[in-house]
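As structure tokens, the structure follows; a few thoughts come after it.
Residue numbers (this note's numbering): 2 to 300.
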């Protein structure tokens, strides 16, 4: 998940978690608004040819990362799929078997910063997507968890850039896409490490854009709201059980309370945004953040 949960304090003794969760929220009266639903990507894929290019996607075993890896392989790229989840990577490799490009799994913990930098050598497209979440008030937030979140979500992207940029600069072309979040431009209570990491990633991405411009390298963020992933689906089920309400009300009245478009973003839609930033038509787009939040930040 990459969007903020409601800013209502958690229960008095919240349990630590390393997956996205939303604090329990008091519900308003039932709304007459239509129930959110799964939708297909509105149009076909953007035209993109990455034949002969090498891409690296972190957090590729599931969710947004998996969708990005498959999308880039569909465009002909040789994709290095990085994740700690070996089983998920094997499933991804099997799913990509008939695509024009290839997916090569690489089991790696990005907390190993030297290994992260080394694995980015020679890539043409870098998608920094891996992340983790921990929900706890600041005064109770474990310092070691804060350190881990910042290491994986900010320092590792920096080291991956260090590994990737020499090759990109040498050939005069490169695309860096950093998976940020609405948390990269807005704060949310109880997620200090995640918000700090995403704000930092936005700044790192802009710096890379300034330095990379003379070398034909663009750097941008994609900043989604709530995305339909297994983690979010479990969160919806947990909230529905806690409140004794249908999952549709959890979506419209809790998770998507501040989002005008009352549905989840699909991982494939995020992947299309990543693909667009790799197209020749996006060659002048750099140093910015493409926000896919259904209008949340328009408030």
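Glycine included, each C-beta is placed from N, C-alpha and C at the ideal position. Nothing here was measured: the structure is a model prediction, and the numbers come from that model.
Below 8 Å, too few C-beta pairs join the region 248–264 and the region 188–197 to call them touching: fewer than three. Beta-bridge partners of residue 107 (DSSP): 83. Only buried fits residue 160, as 16 or more other CB atoms lie within 10 angstroms of its CB.
A distance below 7 Å separates the beta carbons of residue 272 and residue 69. Taking 7 Å as the cut-off, the Cβ atoms of residue 104 and residue 74 count as close. Residue 282 and residue 91 have their C-alpha atoms spaced approximately 33 Å apart.
Segment contact: the region 208–221 against the region 249–257, fewer than three CB-CB distances shorter than 8 Å; contact not assigned. The continuous alpha helix (DSSP H) containing residue 167 extends over residues 157–172. If you draw a straight line from the Cα of residue 81 to the Cα of residue 241, it comes to about 37 Å. Counting other Cβ atoms within 10 Å of its Cβ, residue 98 stays below 16 and is therefore classed as exposed. Contact check for residue 155 and residue 177: beta-carbon distance about 14 Å, past the 8 Å limit, so the pair fails to qualify. For the set 182, 56, 222, the Cα lying nearest the Cα of residue 174 is the one of 56. Residue 225 counts as buried, since no fewer than 16 other beta carbons sit within 10 angstroms of its beta carbon. In this structure, the beta-carbon distance from residue 164 to residue 122 falls below 7 Å.
In the DSSP assignment, residue 248 falls outside any beta strand (DSSP E) and lies within the alpha helix (DSSP H) extending over 248–251.
Runs of alpha helix (DSSP H) with 4 or more residues, each lying fully within the region 227–287, are found at 231–244, 248–251, 268–278, listed in chain order. Collapsing the DSSP output to three states places residue 182 in coil.
DSSP places residue 193 in the helix class (H, G or I) of the three-state scheme. Positions of the alpha helix (DSSP H) runs, each at least 4 residues long and wholly inside the region 92–153, are given as 114–120, 144–151 in order along the chain. Take the alpha-carbon of residue 63 and the one of residue 89: they are about 7 Å apart.
Residue range 290–293 is occupied by the beta strand (DSSP E) that includes residue 293. Within its own chain, the residues whose Cβ lies closer than 7 Å to the Cβ of residue 286, once the five positions on either side in sequence are excluded, are 219, 221, 278, listed in chain order. If you check the CB distance, residue 181 and residue 207 do not come in under 7 Å. Ranking 179, 223, 168 by CA distance to the CA of residue 293 puts 223 first.
Annotation: the continuous alpha helix (DSSP H) that includes residue 73 extends over 64–75.
For residue 49, the three-state secondary structure derived from DSSP is coil. Listed in chain order, the non-local C-beta contacts of residue 274 below 7 Å within the same chain comprise 223, 291, 293, local neighbours out to five positions each way being set aside. The shortest C-alpha to C-alpha distance from residue 85 to any of 112, 202, 267 is the one to 112.
Residue 183 places its beta carbon less than 7 Å from that of residue 297.
When rounded, the separation of the alpha-carbon atoms in residue 67 and residue 140 is 35 Å.
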